[in-house]
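Since the structure comes first, as structure tokens, the remarks are kept for the end.
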Amino acid sequence: MSVQLVANVIIGLALVAFLAYRQTTWQYLDPTRIWRTPLVMGVVGVVVLAQTKATVTTTDVVFLAVEALITVGVGLTMGRITRFRTVGTPDSKGRTMQSRTGGLGAALWIVLIVVRVGLDVLGGHLGAHLLTSTGTILLVLALNRAARALVIDQRIPRDDSRSRGMMVR
3 MSVQLVANVI
13 IGLALVAFLA
23 YRQTTWQYLD
33 PTRIWRTPLV
43 MGVVGVVVLA
53 QTKATVTTTD
63 VVFLAVEALI
73 TVGVGLTMGR
83 ITRFRTVGTP
93 DSKGRTMQSR
103 TGGLGAALWI
113 VLIVVRVGLD
123 VLGGHLGAHL
133 LTSTGTILLV
143 LALNRAARAL
153 VIDQRIPRDD
163 SRSRGMMVR
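Okay, here's the thing in structure tokens:
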């Protein structure tokens, strides 16, 4: 086993642990940030993928489509299970709304990573080499985060008294 492989495994496990922790703790909700993250990851993913010299095969397309369906499904589920709460003390940016997905959200992240690694291994054996590209990984994560953001954006509790007050003249 190479040092690079060991380092990648350690970094990957640390990332999974960090993401699982973030899912189980209350985080201040920033509606613009939930969209900014997938947008930035998607743009970077497209740029990196455009610089990749790999030939796209039918096997690549099939595996990418399967992975996209799974990651979007997990993202939609994560958005649906997100819970919200309002805290009395705002953070430094004045936000009082917090959200989290809890243990189920952490489990979904782990499932997503396991499925991704499994598809990479299987796809690699069948000739789908584009799956391991950094650009593809970023695009898949961007899809997941965008699906999650879509649902959360629709579910964020809004203060309807302000909007009703502006509509009534």
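Numbers in my numbering are just positions in the sequence shown, counted from 1, shifted up by 2. In this text, a Cβ means the ideal position worked out from N, Cα and C, and glycines have one as well. For clarity, every value in this text was computed on a predicted model and none was experimentally measured.
For residue i, the first and last residue of its enclosing alpha helix (DSSP H)
i, result
"Thr88", "First-last for Thr88: 85-88, but that is the beta strand (DSSP E), not the alpha helix (DSSP H)."
"Thr34", "33-53"
"Asp93", "Segment: none, Asp93 is in no alpha helix (DSSP H) and carries neither H nor E."
"Gly137", "136-157"
Residue i, enclosing beta strand (DSSP E) - first and last residue
i, result
"Arg102", "99-102"
C-alpha distance - residue i paired with residue j, whole-angstrom precision
i, j, result
"Val8", "Val18", "15 Å"
"Pro92", "Tyr30", "9 Å"
"Ala56", "Gly96", "47 Å"
"Leu128", "Val68", "14 Å"
"Gly105", "Thr61", "34 Å"
"Phe65", "Thr54", "17 Å"
Same chain only: Cβ atoms within 8 Å of residue i, ignoring 5 sequence neighbours per side
i, result
"Val11", "none"
"Ile115", "Gly14, Val18"
Beta-carbon contacts of residue i that lie in its chain and below 7 Å, excluding the five residues immediately before and after
i, result
"Pro40", "Ala144, Arg147, Ala148, Ala151"
"Arg82", "Val153"
Neighbourhood of residue i by C-beta, 6 Å cutoff - its chain only, sequence neighbours within 5 removed
i, result
"Ala108", "Ala22, Gln25, Thr26"
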